[in-house]
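Numbering (the numbering used here), first residue to last: 7 to 340.
Right, dumping it as structure tokens:
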């Protein structure tokens, strides 16, 4: 590959295990020369620019950092062929999902990646993940993706399913958009997101959204408490297809009150795979009559970030309901 043919890839670093070194209190995110050595190998194939945006353990990445990361991506989109974002694994699915909504119709590949072992470790999975991410960033396929363990998935479909194994992320209820085989990077073109308009940066997102896992016997007063505290959206991980225990103790009174007070409530399933479907059982139909929004086969990360983003855009309850009946970037199967 000649120099004139090299794709220009921007690497935005945010910290995480991939950039960590062993300190006095355990692994600490810190820029080291190990990353530079890996990039020197990648420069054989790509023209690389590095932007050290932040250096954080991903457990410390908050909505404020989501905006900073998304803005850096959007501002750089006209200067390179693709963007790789290195990020800690623990909250990478949340960041990639929110970036999907903030970077509406992004018109170049944006690929999040990280590692389970630091690059400084001889057995690190970081080099392979970086190479997969760079290959996807150079593919020309627009969208927000996550690359891990030689697989590419939509950022809004990724979930971390293992804390230590190298196959840490899976694409939930959606095909992988690509994988690396002996023949190189193979893309599933039908699984790629479709652009529906010009690229726009829409970073406004509300922090007043709560993710609640339903448990047997949950006190319905929790919904009154959440509304009193100012929450404007609630995502509920309900049982199975989306059931809640209405018939015995009728905890729906608190939920109905929250909806009457203008809170948008999205119901997903606690089951990682398949979809919530509130039309199957009587308890589900009670929820629909009450005014809840079906989360379908969305991940909890995607449902939470989509609701945060929708409320942040100033949408009304009916507009939010309509939004959840649309797929913006492949986050839900209709």
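From the three backbone atoms N, C-alpha and C, an ideal C-beta is built for every residue, glycine too.
Open item on the list: Here's the rule I'm using: 16 or more other beta-carbon atoms within 10 Å means buried, otherwise exposed. How should residue 278 be labelled?
Closed with: Counting from 1 along the chain shown, the entry for residue 278 is found at position 272. Exposed is the call here.
Open item on the list: Can you tell me which residues form a DSSP beta bridge with residue 19?
Closed with: Sequence index remark: in the chain shown, residue 19 carries index 13 (1-based). Answer by DSSP bridge pairing, in chain order: 58, 92.
Task: Cβ distance (whole Å) where residue 23 is taken to contact residue 121 below 8 Å - done: The residue labelled residue 23 in the question sits at position 17 within the chain shown. The residue labelled residue 121 in the question sits at position 115 within the chain shown. The pair is a contact, with the Cβ atoms about 6 Å apart (cut-off 8 Å).
Open item on the list: Need the endpoints of the beta strand (DSSP E) that residue 184 sits in, please.
Closed with: For this step, residue 184 is matched to residue 178 along the chain shown. 184-187 is the extent of the beta strand (DSSP E) around residue 184.
Open item on the list: Distance check for residue 98 and residue 66, CA to CA, integer angstroms please.
Closed with: What you label residue 66 is simply residue 60 of the chain shown in a count that begins at 1. What you label residue 98 is simply residue 92 of the chain shown in a count that begins at 1. Taking the straight line from one Cα to the other gives about 11 Å.
Open item on the list: If I follow the unbroken alpha helix (DSSP H) through residue 330, where does it start and stop?
Closed with: The sequence position of residue 330 within the chain shown is 324, counting from 1. That residue, residue 330, is in no alpha helix (DSSP H); it is neither H nor E in DSSP.
Task: For residue 204, the three-state DSSP class (helix, strand or coil) - done: As a first step, residue 204 is located in the chain shown; it is residue number 198 there, counting from the start. Coil at residue 204, not helix or strand.
- [ ] Buried or exposed for residue 300, please, with buried defined as at least 16 other CB atoms from any protein chain shown within 10 angstroms of its CB.
- [x] Sequence index remark: in the chain shown, residue 300 carries index 294 (1-based). Buried, by the Cβ-count rule.
TODO: Would you tell me roughly how many angstroms separate the C-alpha atoms of residue 263 and residue 181, rounded to the nearest one?
DONE: By one-based count along the chain shown, residue 263 stands at place 257. By one-based count along the chain shown, residue 181 stands at place 175. Roughly 38 Å between the two C-alpha positions.
Task: Residue from 209, 233, 207, 240 whose Cα sits closest to the Cα of residue 215 - done: Translated into positions along the chain shown, residue 215 becomes position 209. With distances taken between Cα atoms, residue 215 lies closest to 240.
Open item on the list: If the criterion is Cβ atoms closer than 8 Å, does the pair residue 151 and residue 186 meet it?
Closed with: Residue numbering aside, residue 151 sits at position 145 when the chain shown is read from its first letter. Residue numbering aside, residue 186 sits at position 180 when the chain shown is read from its first letter. No.
Open item on the list: Please state whether the Cβ-Cβ distance between residue 88 and residue 114 is less than 8 Å.
Closed with: Taking the first residue of the chain shown as 1, we reach residue 88 at position 82. Taking the first residue of the chain shown as 1, we reach residue 114 at position 108. Contact flag set, yes.
- [ ] Sort 175, 156, 171 by Cα distance to residue 163 and report the nearest one.
- [x] Translated into positions along the chain shown, residue 163 becomes position 157. For residue 163, the nearest C-alpha among the options comes from 175.
TODO: Please classify residue 306: does DSSP put it in a helix, a strand, or coil?
DONE: Against the chain shown, residue 306 aligns to sequence position 300. Residue state for residue 306 is assigned as helix, using DSSP reduced to three classes.
TODO: Just mark residue 306 as buried or exposed, buried being the case when its beta carbon has 16 or more other beta carbons within 10 Å.
DONE: Within the chain shown, residue 306 is the residue found at index 300, counting from 1. Residue burial annotation: residue 306 is buried, with at least 16 other C-beta atoms found within 10 angstroms of its C-beta.
TODO: Under 8 Å by Cβ, that's how I've got residue 105 and residue 184 pegged, so tell me the actual separation to the nearest angstrom.
DONE: Indexing the chain shown from 1 puts residue 105 at position 99. Indexing the chain shown from 1 puts residue 184 at position 178. With 8 Å as the limit, residue 105 and residue 184 do not qualify as a contact, their Cβ atoms being about 18 Å apart.
- [ ] Flag this pair as yes or no: are the beta carbons of residue 209 and residue 73 separated by less than 8 Å?
- [x] By 1-based counting over the chain shown, the position of residue 209 is 203. By 1-based counting over the chain shown, the position of residue 73 is 67. Closer than 8 Å, so yes.
Task: Straight-line gap, residue 222 to residue 330 (C-alpha atoms, nearest Å) - done: Numbered from its first residue, the chain shown carries residue 222 at position 216. Numbered from its first residue, the chain shown carries residue 330 at position 324. Each residue's alpha carbon lies about 27 Å from the other.
TODO: Could you give the DSSP three-state label for residue 279: helix, strand or coil?
DONE: By one-based count along the chain shown, residue 279 stands at place 273. If DSSP states are grouped into helix, strand and coil, residue 279 belongs with coil.
Task: residue 238 versus residue 49: straight-line alpha-carbon distance, rounded - done: Position 232 of the chain shown, counted from the start, is the residue given in the question as residue 238. Position 43 of the chain shown, counted from the start, is the residue given in the question as residue 49. C-alpha separation (whole angstroms): 47 Å.
Open item on the list: With the cut-off set at 8 Å, would you say residue 168 and residue 134 are in Cβ contact?
Closed with: Residue mapping note: residue 168 aligns to position 162 of the chain shown, counting from 1. Residue mapping note: residue 134 aligns to position 128 of the chain shown, counting from 1. Against a cut-off of 8 Å, the Cβ pair of residue 134 and residue 168 comes out as no contact.
Task: Nearest candidate by alpha-carbon position, reference residue 17, set 101, 109, 70, 144 - done: Counting from 1 along the chain shown, the entry for residue 17 is found at position 11. The shortest C-alpha separation from residue 17 is found at 144.
Task: First through last residue of the alpha helix (DSSP H) which encompasses residue 115 - done: The residue you call residue 115 lines up with position 109 of the chain shown. Here residue 115 belongs to no alpha helix (DSSP H); instead the beta strand (DSSP E) covers 115-119.
Task: Through-space distance from residue 236 to residue 340, alpha-carbon basis - done: Within the chain shown, residue 340 is the residue found at index 334, counting from 1. Within the chain shown, residue 236 is the residue found at index 230, counting from 1. Distance between the alpha carbons of residue 340 and residue 236 is about 31 Å.
Task: Element boundaries [beta strand (DSSP E), containing residue 159] - done: As a first step, residue 159 is located in the chain shown; it is residue number 153 there, counting from the start. Start and end: 157-160.
TODO: State the DSSP-derived secondary structure class of residue 151, mapped to helix, strand or coil.
DONE: As a position in the chain shown, residue 151 is number 145, starting the count at 1. Note: residue 151 maps to strand in three-state DSSP.
TODO: Please confirm whether residue 80 and residue 315 have their CB atoms less than 8 Å apart.
DONE: As a working note, residue 80 is residue 74 in the chain shown. As a working note, residue 315 is residue 309 in the chain shown. No, Cβ-Cβ distance for residue 80 and residue 315 is not below 8 Å.
- [ ] Name, in chain order, the residues that DSSP records as bridge partners for residue 229.
- [x] Walking along the chain shown from the start, residue 229 turns up at place 223. Answer by DSSP bridge pairing: none, since residue 229 is not bridged.
TODO: To the nearest angstrom, report how far apart residue 336 and residue 118 are at their CA atoms.
DONE: Position 330 of the chain shown, counting from 1, holds the residue named residue 336. Position 112 of the chain shown, counting from 1, holds the residue named residue 118. So the alpha carbons of these two residues sit roughly 17 Å apart.
- [ ] Given a cut-off of 8 Å, decide if residue 52 and residue 112 are closer than it, judged by their beta-carbon atoms.
- [x] Position 106 of the chain shown, counting from 1, holds the residue named residue 112. Position 46 of the chain shown, counting from 1, holds the residue named residue 52. Not a contact, by the Cβ cut-off of 8 Å.
- [ ] Could you check the C-alpha separation between residue 90 and residue 130 for me, to the nearest Å?
- [x] Walking along the chain shown from the start, residue 90 turns up at place 84. Walking along the chain shown from the start, residue 130 turns up at place 124. As the crow flies, the alpha-carbon of residue 90 is around 18 Å from that of residue 130.
TODO: Flag this pair as yes or no: are the beta carbons of residue 228 and residue 268 separated by less than 8 Å?
DONE: As a position in the chain shown, residue 228 is number 222, starting the count at 1. As a position in the chain shown, residue 268 is number 262, starting the count at 1. No, the Cβ-Cβ distance between residue 228 and residue 268 is not below 8 Å.
Open item on the list: Rounded to the nearest angstrom, what separates residue 256 and residue 141 at their Cα positions?
Closed with: Position 250 of the chain shown holds residue 256. Position 135 of the chain shown holds residue 141. A caution first: residue 256 carries a pLDDT of 49, below 50, which makes its placement in the model unreliable, though a value can still be read off. Each residue's alpha carbon lies about 53 Å from the other.
- [ ] Take residue 172 and list the residues in its own chain whose beta-carbon comes closer than 7 Å to its own, dropping the five residues that flank it on each side.
- [x] Here residue 172 refers to the residue found at position 166 of the chain shown. For residue 172, where only same-chain residues beyond five positions count, the Cβ hits under 7 Å are 122, 131, 155.
Task: Boundaries (first-last residue) of the alpha helix (DSSP H) holding residue 70 - done: For this step, residue 70 is matched to residue 64 along the chain shown. Secondary structure note for residue 70: its alpha helix (DSSP H) is the uninterrupted segment 69-82.
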